[in-house]
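Residue numbers (my numbering), protein chains in the order written: chain A, 1 to 123; chain B, 124 to 296.
In what follows, a single structure is set out as structure tokens and then discussed.
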């Protein structure tokens, strides 16, 4: 296998990816100001929460397998408990900015923060 | 006359073991903040990429399938699907790029593109599993992370290439 470690084309590849990622990220964040969290299970939206209007912390228990518990507080939403092994969704931490997403694949549950006037499915 | 199917299989098995060992080693790295959980450097792709470039597509795909099967057995259905969806796509990309684009791209560029293909395959599978497209939100962060890990993988591959080629010589003469 004689492939060189580095060629000029590599710079072009990296630049294109960086520009595309930055543009995509910018597009995600410039949506409306309202902070809204959407919880979907198996593709169906089960709850939509306006995070800026949350007064005090509350928890949402989802009847999924494995079970997950999602906590909502002012300006943030996060997975609090999950009965799965890897706890990846909990490790996501608090979601408070647009575009923040936490996923529990075993429970097919997605929590995402978005602007309110955008249909999340259009992404 | 050492190029028999038995020797090929033996070398393939050794490479599989090496890929799995690398996968285990990287599972010891603690989660990195600011990254989507589950994002990994993908060091086992060093081995896959060597196989794709030096042994051919069937060998490389065999390693990918066994890695997926191993994830399926040890970490469950979801992990298996995630391993396979990303692995197969990136292995195909590796093979195509190493075969047809190695006069335009170096190992770093090829490895970065493959890392992105890996991400794309996994995001696609995750979107199907969750039934929701919002997971694409991860894409920009993953892409930037993929540039870093892809470059590192390419550099390590170049560094260990002589050893891997030597290992191959024991079986292919």
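Glycine included, every Cβ here is placed at the ideal spot set by N, Cα and C.
- Message: Rounded to the nearest angstrom, what separates residue 253/B and residue 70/A at their Cα positions?
- Response: For the purposes of this step, residue 253/B is taken as residue 130 along the second chain, with counting starting at 1. For the purposes of this step, residue 70/A is taken as residue 70 along the first chain, with counting starting at 1. Rounded to the nearest angstrom, the two C-alpha atoms are 17 Å apart.
- Along the region 163-185 of chain B, what residues have a CB closer than 8 Å to any CB found in chain A? 173, 176 and 177
- Does residue 124/B get closer than 8 Å to chain A when you measure Cβ to Cβ? Walking along the second chain from the start, residue 124/B turns up at place 1. With a pLDDT of 49 at residue 124/B, under the threshold of 50, the modelled position of that residue is not reliable, and the figure given next carries that caveat. Cβ-Cβ to chain A under 8 Å: no for residue 124/B.
- Message: Going by DSSP in three states, residue 50/A sits in which element: helix, strand or coil?
- Response: To locate residue 50/A, count along the first chain from 1; it is residue 50. Residue state, collapsed to three classes: strand.
- Query: Listing by chain order, which chain A residues have their CB less than 8 Å from the CB of residue 249/B?
  - Reply: Position 126 of the second chain, counting from 1, holds the residue named residue 249/B. Within chain A, the residues near residue 249/B are 103 and 105.
- Query: Checking contacts by CB at 8 Å: is residue 39/A closer than that to chain B?
  - Reply: Taking the first residue of the first chain as 1, we reach residue 39/A at position 39. Answer no: the Cβ-Cβ gap between residue 39/A and chain B never drops below 8 Å.
- Item | Helix, strand or coil at residue 81/A [DSSP, three-state] | Taking the first residue of the first chain as position 1, residue 81/A is located at position 81. In the three-state scheme derived from DSSP, where H, G and I count as helix and E and B as strand, residue 81/A is classed as strand.
- Where do the N-terminal and C-terminal ends of the beta strand (DSSP E) with residue 162/B fall, by residue? Counted from its first residue, the second chain places residue 162/B at position 39. Bounds of any beta strand (DSSP E) do not take in residue 162/B, whose DSSP letter is neither H nor E.
- Take every Cβ of the region 1-9 of chain A, pair it with every Cβ of the region 169-177 of chain B, and state whether three or more of those distances are shorter than 8 Å. yes
- For residue 235/B, the first and last residue of its enclosing beta strand (DSSP E): The residue given as residue 235/B occupies position 112 in the second chain. Run containing residue 235/B: none in the beta strand (DSSP E); it sits in the alpha helix (DSSP H), 230-253.
- Message: Rounded to the nearest angstrom, what separates residue 204/B and residue 41/A at their Cα positions?
- Response: Along the second chain, one-based indexing puts residue 204/B at 81. Along the first chain, one-based indexing puts residue 41/A at 41. The straight-line gap from Cα to Cα measures roughly 19 Å.
- Item | For residue 282/B and residue 121/A, the rounded distance between their alpha carbons | Residue mapping note: residue 121/A aligns to position 121 of the first chain, counting from 1. Residue mapping note: residue 282/B aligns to position 159 of the second chain, counting from 1. At residue 121/A, the pLDDT of 47 sits below 50, so the modelled position is not reliable and the matter cannot be decided from this model.
- Item | Neighbour-count burial assignment, residue 79/A, 16 or more Cβ in a 10 Å radius | Residue numbering aside, residue 79/A sits at position 79 when the first chain is read from its first letter. Residue 79/A should be labelled buried.
- residue 100/A, buried or exposed, once every other Cβ within 10 Å from all chains shown has been counted against 16: On the first chain, position 100 is the one that residue 100/A refers to. Buried, since its Cβ has 16 or more Cβ neighbours within 10 Å.
- chain B partners of residue 88/A, CB-CB under 8 Å? For this step, residue 88/A is matched to residue 88 along the first chain. Per Cβ cutoff of 8 Å: 160 and 161.
- Message: With a threshold of 8 Å between beta carbons, is residue 272/B in contact with chain A?
- Response: For this step, residue 272/B is matched to residue 149 along the second chain. Between residue 272/B and chain A, the shortest Cβ-Cβ separation is not below 8 Å.
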